[in-house]
Amino acid sequence: MLNLVGNAHPSIWRVVEWWQKEEATISSLRSGSGNAESVAVTQIVKTFECYDPLTGGEIAGIIFCVLLLLAVIGIIGFMVHRNWERVKEYLPSFRGRQPSGEFEPLQPPPERYRPIVLSAIRDFLRKYHADDNRLFIGEYEDLKQLSPRHTTNSANLDENKPKNRYTNILPYDHSRVILAPMVDEEDSSDYINANYIPGYTYGKEFIASQGPLPGTANDFWRMIWEQSVSIIVMLTKCSENNMDKCEHYWPHAANEPKCYNDLMVNVTSVSNMGKYDIHIMDVCLGDEKRVVKHFHFLEWPDFSAKVETTTLIEFITTVRQHITPDIKGPTVTHCSAGVGRTGTFITVDYLMQYVEDHDLSSQVDIFDWVIQMRDHRTTMVQTWAQYAFIHDCLSEIVERKRKLQNPEENGEVCIDNLAYEPDDLYENTKLGPLQTEL
């Protein structure tokens, strides 16, 4: 009997094993009534039925459950990988096994709040600029680690992708400027690569925007009109080092008006101030006319340029003089990507107002302020060199106030940014037909 089933299904081996155990019982009953023998045989048959191989449906069900489990594990793994920077903040981490055989925990997450006493800014700079700016570089790495991240669903719509100058600088959904949809246009007509940014006084004091593309200049002027903008600050040249950085989105000459969809823009005056230009423009929609002032800073090129703190501070002072109480709309500020020089400008503007309103014994937190801006638009203050330059500007701002309080002190303070780095961005070359709309 065992030889006959030697290659049988494992379930049959269980039946044979049971049959061997009951064999003596059956033999002892053969001399008795048939009823007892039939009962014993019935036991064997029932045992066989209990261990019958799985049906095709049962096998399919098990396979389905296994595949479903693998799919769930895969989805969870993908989500963890995609959001790893956030997830790992909640996971216990270790540096590895030490000579003692024990695991040493990693240091806690970087501290977010890092206030600086205004009167101690000189000592701070002396310390942080030492060893080739080692502490500035390290603090900027902490800044990147603590920077918030939000969704950019609108920017990633296929119809909106050509409207982004750079593929990795996209506006967050929660703070993006939403244009009024155009009549008979698709839903994407409300999109522009720009975000509201807080300032010293208001939650939406600025709009940080990328430099317009040939196909988005019309949208840029729609934003200017709809947001009641009176001041535009431009921090890039249209072309730098033979690379397009921004479309020339205003008329090339005075009194030669140009239409941008339904809006007509006319430059009424141009003032060259040496390191920046001021354009006064009339913007008209039908019979309604508004005045827009355009401040174009010319001393902040992309590659290996020295930027004097004095020059930027005086430029911001000039812009501030034109932001009068009757102005209702935000100030539009842009460079090429609308994050590096734009974030630096907004931060220095914030510091100038902060120092003016506070004693030099007060504290200011540049680190936390940059994180606040990054909660509204990605990568504001784009490099560690820009971050260090902001602190250099603060030093001069403090020195100016100190001299006002102590007129007997003399001497000029002028700190150059010797470490400015080029924009580390990915140019969006998929511009499609939008390039030729103008």
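For the sequence shown, numbering that gives the first Met the number 0 assigns the number 0 to the initial residue and increments by one for each residue that follows. Glycine included, C-beta positions come from ideal geometry on N, C-alpha and C. Here the structure is a predicted model, which is why all the values come from computation and not from measurement.
What are the partner residues of H375, as DSSP defines its beta bridges?
In the sequence shown, residue 375 corresponds to position 376, counting from 1. DSSP output for H375 lists no bridge partner at all.
Neighbourhood of S227 by C-beta distance below 6 Å, restricted to the same chain and skipping five residues each side:
For the purposes of this step, residue 227 is identified with residue 228 of the sequence shown, where counting begins at 1. Only K327, G328 meet the Cβ criterion.
Alpha carbon of S303 to alpha carbon of Y248, nearest angstrom:
The count along the sequence shown starts at 1 and reaches residue 303 at position 304. The count along the sequence shown starts at 1 and reaches residue 248 at position 249. In this predicted model, S303 has a pLDDT of only 36, less than 50, meaning its place in the structure is not dependable; the value taken from the coordinates is given anyway. Their Cα atoms are separated by approximately 26 Å.
Burial state of V86, where buried means 16 or more other Cβ atoms lie within 10 Å:
As a working note, residue 86 is residue 87 in the sequence shown. Low confidence applies to V86: its pLDDT is 47, below 50, so where it sits in the model is not reliable enough to give any reading.
For F77, count neighbouring C-beta atoms within 10 Å of its own C-beta (all shown protein chains included) and say buried if the count is 16 or more, exposed if not.
As a position in the sequence shown, residue 77 is number 78, starting the count at 1. Its Cβ having fewer than 16 others within 10 Å, F77 is exposed.
Exposed or buried, G202, counting other C-beta atoms within 10 Å across all chains shown (16 or more means buried)?
The residue you call residue 202 lines up with position 203 of the sequence shown. With a threshold of 16 other beta carbon atoms within 10 Å, G202 falls short and is exposed.
Is any heavy atom of the ligand SAM found at a distance shorter than 7 Å from the C-beta of E138?
Within the structure as shown, the ligand SAM is missing, as the structure has no ligands at all.
How many Å lie between H357 and Q404 at the Cα?
As a first step, residue 357 must be located in the sequence shown, where it is residue number 358. As a first step, residue 404 must be located in the sequence shown, where it is residue number 405. If you draw a straight line from the Cα of H357 to the Cα of Q404, it is about 13 Å long.
Residues near N217 by beta carbon distance below 6 Å, same chain, minus five either side:
Locating residue 217 in the sequence shown gives position 218, where the first residue counts as 1. Counting only Cβ-Cβ distances below 6 Å, and skipping sequence neighbours, we find Y259, N260.
When burial is assigned at 16 or more other CB atoms within 10 Å of the CB, is M222 buried or exposed?
Residue 222 sits at position 223 when you count from the first residue of the sequence shown. With 16 or more Cβ atoms within 10 Å of its Cβ, M222 is classed as buried.
Which whole-angstrom value is the C-beta distance of Q209 and G337, which I expect to be below 8 Å?
As a working note, residue 209 is residue 210 in the sequence shown. As a working note, residue 337 is residue 338 in the sequence shown. G337 and Q209 do touch by the CB rule: their CB atoms are close to 4 Å apart, below 8 Å.
Member of V347, I322, D325, E239 whose CA lies at the smallest distance from the CA of L297:
In the sequence shown, the residue the question calls residue 297 occupies position 298. Closest in alpha carbon position to L297, among V347, I322, D325, E239, is E239.
When DSSP labels each residue in this structure, what does S238 get in the three-state scheme?
The residue you call residue 238 lines up with position 239 of the sequence shown. In this structure, DSSP gives S238 an extended state, which the three-state scheme calls strand.
Check the DSSP bridge columns for D281 and list the partner residues they point to.
Here residue 281 is taken as the residue at index 282 of the sequence shown, counted from 1. Among the bridge pairs identified by DSSP, D281 is matched with N265, V290.
Please go through the same chain and pick out, in chain order, the residues whose beta-carbon is closer than 6 Å to the beta-carbon of M379, but skip the five residues on each side of it.
For the purposes of this step, residue 379 is identified with residue 380 of the sequence shown, where counting begins at 1. Residues V338, G342, M372, R373 of the same chain have their beta carbon placed closer than 6 Å to that of M379, with the five preceding and five following residues left out of the count.
Return the bridge partner residues of Y259 from the DSSP annotation.
In the sequence shown, counting from the first residue as 1, residue 259 sits at position 260. In DSSP, Y259 forms a bridge with L262.
Among the residues of its own chain, which have a CB less than 6 Å from the CB of N427, if the five just before and after it don't count?
Within the sequence shown, numbered from 1, the residue matching residue 427 stands at position 428. Counting only residues of its own chain and dropping the five nearest sequence neighbours on each side, N427 has a CB closer than 6 Å to the CB of N163, R164, Y165, T166.
Assuming M456 and H321 make a contact with CB atoms under 8 Å, what is their CB distance in whole Å?
Because the chain spans 0 through 437 in this model, residue 456 falls outside it and cannot be assessed.
Taking only runs that begin and end inside the region 314-395, name each unbroken alpha helix (DSSP H) of 4 or more residues, in chain order.
Listed in chain order, they are 339-356, 365-373.
Cβ neighbours of V269 in the same chain (closer than 7 Å, five flanking residues each side left out)
Stepping through the sequence shown from its first residue, residue 269 is reached at position 270. Excluding residues up to 5 positions away in sequence, A253, D276, H278 lie with their Cβ nearer than 7 Å to the Cβ of V269 in the same chain.
Taking Cβ positions, are F123 and W383 nearer each other than 8 Å?
On the sequence shown, position 124 is the one that residue 123 refers to. On the sequence shown, position 384 is the one that residue 383 refers to. 8 Å or more divides the Cβ of F123 from the Cβ of W383.
Rounded to the nearest angstrom, what separates I74 and P161 at their Cα positions?
What you label residue 74 is simply residue 75 of the sequence shown in a count that begins at 1. What you label residue 161 is simply residue 162 of the sequence shown in a count that begins at 1. Near 30 Å, if we compare the C-alpha coordinates of P161 and I74.
Across which residues does DSSP place Y275 in a beta bridge pair?
For the purposes of this step, residue 275 is taken as residue 276 along the sequence shown, with counting starting at 1. When DSSP reads this structure, Y275 sits in a beta bridge with F296.
Need the endpoints of the alpha helix (DSSP H) that N217 sits in, please.
Locating residue 217 in the sequence shown gives position 218, counting from the first residue. From DSSP, the alpha helix (DSSP H) with N217 extends over 216-225.
Check this for me: beta carbons of P114 and D364, under 8 Å apart or not?
As a first step, residue 114 is located in the sequence shown; it is residue number 115 there, counting from the start. As a first step, residue 364 is located in the sequence shown; it is residue number 365 there, counting from the start. Going by C-beta atoms, P114 is nearer than 8 Å to D364.
CA nearest to the CA of S146, picked from V176, P256, P109, R399:
Position 147 of the sequence shown, counting from 1, holds the residue named residue 146. Here the closest residue by C-alpha is P109.
Candidates K402, Q381, T330, I396: which alpha carbon is nearest V347's?
Counting from one through the sequence shown, the residue named residue 347 turns up at place 348. For V347, the nearest C-alpha among the options comes from I396.
In terms of residue numbering, what span does the beta strand (DSSP E) encompassing K194 cover?
For the purposes of this step, residue 194 is identified with residue 195 of the sequence shown, where counting begins at 1. The displayed chain sequence assigns Asn, not Lys, to residue 194. Where N194 is concerned, the enclosing beta strand (DSSP E) stretches over 193-196.
Name, in chain order, the residues that DSSP records as bridge partners for I206.
Counting from 1 along the sequence shown, the entry for residue 206 is found at position 207. According to DSSP, residue pairing for I206 in a beta bridge involves Y195, V331.
With distances taken between CB atoms, is the gap from N142 to V369 smaller than 8 Å?
Here residue 142 corresponds to residue number 143 of the sequence shown, with the count starting at 1. Here residue 369 corresponds to residue number 370 of the sequence shown, with the count starting at 1. The sequence shown places Leu at residue 142, rather than the Asn named in the question. Yes, the pair counts as a contact, with Cβ atoms nearer than the cut-off.
What are the start and end residues of the beta strand (DSSP E) that includes I230?
Residue numbering aside, residue 230 sits at position 231 when the sequence shown is read from its first letter. Looking at the DSSP string, the run of the beta strand (DSSP E) that includes I230 is 230-233.
Taking the Cβ atom as the reference point for each residue, do L262 and W220 lie within a distance shorter than 8 Å?
Numbered from 1 along the sequence shown, position 263 holds the residue referred to as residue 262. Numbered from 1 along the sequence shown, position 221 holds the residue referred to as residue 220. Yes, these two residues count as a Cβ contact at 8 Å.
State the beta-bridge partners of D243 as determined by DSSP.
One-based indexing of the sequence shown puts residue 243 at position 244. Partner(s): S238.
Are the CB atoms of G198 and Y353 nearer to each other than 8 Å?
Residue mapping note: residue 198 aligns to position 199 of the sequence shown, counting from 1. Residue mapping note: residue 353 aligns to position 354 of the sequence shown, counting from 1. No, the Cβ-Cβ distance between G198 and Y353 is not below 8 Å.
So what does I115 bridge to, in DSSP terms?
Numbered from 1 along the sequence shown, position 116 holds the residue referred to as residue 115. I115 is bridged to V363.
Reference S335, options P211, T54, A129, closest by Cα:
As a first step, residue 335 must be located in the sequence shown, where it is residue number 336. Per the Cα distances, P211.
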